[in-house]
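Have a look at the structure below before the remarks.
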Amino acid sequence: MSGPNYERVRLNARFPAMLLLQNLTGQARTIPLHWHRSLELDLLTAGSLDVTVAGQTTTLTAPAVLVINTATLHAMTPNTARIQAITLLISYDFIKQALPDYDDLAFDLQGRVATAARLQTCLAQIGEWYRRRPNGYQLLIGEQIDHILYLLTTQAVVPRPIQPTTQCDYRIQATLTSLDTAYQFPVSMRRYADRYHLTLPYFSRLFHRETGQSFREYLLNLRVEMAQKQLSQTSMKIIDIALANGFGSAQRLIAAFEKLYGLSPTRYRRQERELRPNR
Numbered sequence: 032m033s034g035p036n037y038e039r040v041r042l043n044a045r046f047p048a049m050l051l052l053q054n055l056t057g058q059a060r061t062i063p064l065h066w067h068r069s070l071e072l073d074l075l076t077a078g079s080l081d082v083t084v085a086g087q088t089t090t091l092t093a094p095a096v097l098v099i100n101t102a103t104l105h106a107m108t109p110n111t112a113r114i115q116a117i118t119l120l121i122s123y124d125f126i127k128q129a130l131p132d133y134d135d136l137a138f139d140l141q142g143r144v145a146t147a148a149r150l151q152t153c154l155a156q157i158g159e160w161y162r163r164r165p166n167g168y169q170l171l172i173g174e175q176i177d178h179i180l181y182l183l184t185t186q187a188v189v190p191r192p193i194q195p196t197t198q199c200d201y202r203i204q205a206t207l208t209s210l211d212t213a214y215q216f217p218v219s220m221r222r223y224a225d226r227y228h229l230t231l232p233y234f235s236r237l238f239h240r241e242t243g244q245s246f247r248e249y250l251l252n253l254r255v256e257m258a259q260k261q262l263s264q265t266s267m268k269i270i271d272i273a274l275a276n277g278f279g280s281a282q283r284l285i286a287a288f289e290k291l292y293g294l295s296p297t298r299y300r301r302q303e304r305e306l307r308p309n310r
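For the sequence shown, my numbering begins at 32 and goes up steadily by one.
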């Protein structure tokens with residue numbers, strides 16, 4: 032359950048993928064409509080979610096595994112107070128190198144119970160290696176990612192369906208793509224409304240209709256989520272993380288983080304380190 036939004040996949044230099052160990056409460060459990068070029072695999076280990084993929088909604092209850100194909104709009108709404116999951120986002124470019132015809136393919140686990148079970152085991156093992164970090168764990172994870180792609184391409188590959196035209200409005204898609212690279216800087220809704228020759232009230236309504244959030248809420252949540260990843264993966268100071276993600280001060284980041292995650296950035300970082308004693 033990659034955080035919202037368009038292609039914000041930060042790749043670890045050692046892996047052709049991004050790995051997220053998620054333990055979410057409060058508003059952070061809700062993942063609004065988004066897409067990315069990377070292939071997403073989610074192992075839900077605790078909780079229940081309503082998952083909307085390409086306009087179709089199903090309920091996912093732990094333990095369960097989910098595959099979300101490249102450039103497919105999806106959103107997730109929690110049914111329980113806490114959601115725990117392992118999310119793996121595999122680089123589009125990496126897959127494209129291995130599968131030159133990847134743009135014409137998709138992966139589908141429907142009816143493939145044995146394959147889903149094997150993927151669940153693979154993702155759980157990756158999560159365990161990343162938590163414990165034994166010697167050579169980078170090599171083990173890389174090998175497991177290759178195995179996951181082998182399973183998908185030999186046991187779950189299907190022709191890529193034509194995306195329905197009723198998905199996300201192209202202007203909002205373009206706006207979200209732009210925000211993904213501009214969120215660190217001062218941005219305004221008027222800038223995007225003017226770009227598409229729309230009135231500000233109309234663009235505001237369109238944005239809310241397509242994403243389920245106001246422009247301001249979306250941008251704030253995007254900045255908080257990117258800050259959360261730096262809290263988890265780096266030793267940067269809170270003020271530096273705040274400034275790197277578009278907040279004018281550490282206090283603004285703290286207030287926004289507490290509203291979304293229900294705890295302070297410092298406490299969140301402490302809990303993350305406690306979960307990874309060998310880090």
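All residues carry an ideal CB built from backbone N, CA and C; glycine is no exception.
Legend entry - As assigned by DSSP and simplified to three states, the class of HIS239: As a first step, residue 239 is located in the sequence shown; it is residue number 208 there, counting from the start. DSSP places HIS239 in helix when its eight states are reduced to three.
Legend entry - Distance between THR108 and ILE269 (C-alpha atoms, nearest Å): Mapped onto the sequence shown, residue 269 falls at position 238. Mapped onto the sequence shown, residue 108 falls at position 77. One C-alpha to the other measures close to 29 Å.
Legend entry - ILE203 beta carbon less than 7 Å from that of GLU174: Here residue 174 corresponds to residue number 143 of the sequence shown, with the count starting at 1. Here residue 203 corresponds to residue number 172 of the sequence shown, with the count starting at 1. Result no, Cβ atoms of GLU174 and ILE203 do not sit closer than 7 Å.
Legend entry - Reference ASN132; option with closest CA among ARG191, LEU51, TYR292: Along the sequence shown, read from residue 1 onward, the residue named residue 132 stands at position 101. With the sequence shown as reference, residue 132 is identified as Asp, and Asn is not the correct amino acid for it. Comparing Cα-Cα distances from ASP132 to each of ARG191, LEU51, TYR292, the minimum goes to ARG191.
Legend entry - beta strand (DSSP E) segment containing HIS105, residue limits: Translated into the one-based positions of the sequence shown, residue 105 becomes position 74. Segment 105–109, the beta strand (DSSP E) holding HIS105.
Legend entry - Where THR197 falls: helix, strand or coil (DSSP): For this step, residue 197 is matched to residue 166 along the sequence shown. In this prediction, THR197 has a pLDDT of 43, which is less than 50 and means its spatial position is unreliable; nothing more can be read from the coordinates.
Legend entry - Ordered list of alpha helix (DSSP H) runs contained in the region 183–228, each at least 4 residues: 201–213, 220–226
Inset, instruction - With DSSP as the reference, please indicate the residues paired to GLN115 in a beta bridge. - result: On the sequence shown, position 84 is the one that residue 115 refers to. Per DSSP, ASN54, ALA77.
Inset, instruction - Assign MET257 to one of three DSSP states: helix, strand, or coil. - result: Your numbering for residue 257 matches position 226 in the sequence shown. Three-state DSSP puts MET257 in a helix.
Inset, instruction - Pick helix, strand or coil for LEU136, following the three-state DSSP scheme. - result: Residue mapping note: residue 136 aligns to position 105 of the sequence shown, counting from 1. Strand.
Inset, instruction - Express the C-alpha separation of VAL98 and THR212 in angstroms, rounding to a whole number. - result: If you number the sequence shown from 1, residue 212 lands on position 181. If you number the sequence shown from 1, residue 98 lands on position 67. Answer to the nearest angstrom: the Cα atoms are 25 Å apart.
Inset, instruction - Evaluate GLN261 with the Cβ neighbour count: other Cβ atoms within 10 Å of its Cβ, from every protein chain shown; 16 or more gives buried, anything less gives exposed. - result: Stepping through the sequence shown from its first residue, residue 261 is reached at position 230. Result: buried.
Inset, instruction - Measure the C-alpha to C-alpha separation of LEU229 and LEU251 and round it to an integer number of angstroms. - result: Sequence index remark: in the sequence shown, residue 229 carries index 198 (1-based). Sequence index remark: in the sequence shown, residue 251 carries index 220 (1-based). Their backbone Cα atoms lie some 23 Å apart in a straight line.
Inset, instruction - Starting from the C-beta of ARG143, find all residues in its chain whose C-beta is less than 7 Å away, skip the five residues before and the five after it, and write them out in chain order. - result: Locating residue 143 in the sequence shown gives position 112, counting from the first residue. Contacts found: GLN186, ALA187.
Inset, instruction - Determine the direct distance from the alpha carbon of SER235 to that of ARG149, and round the result to whole angstroms. - result: The residue given as residue 149 occupies position 118 in the sequence shown. The residue given as residue 235 occupies position 204 in the sequence shown. So the alpha carbons of these two residues sit roughly 44 Å apart.
Inset, instruction - Return the residue from the list THR92, LEU182, PRO94, TYR292 that minimises the CA-CA distance to GLU146. - result: Counting from one through the sequence shown, the residue named residue 146 turns up at place 115. The amino acid occupying residue 146 in the given sequence is Thr; Glu does not appear at that position. When each option's Cα is compared against that of THR146, the closest is LEU182.
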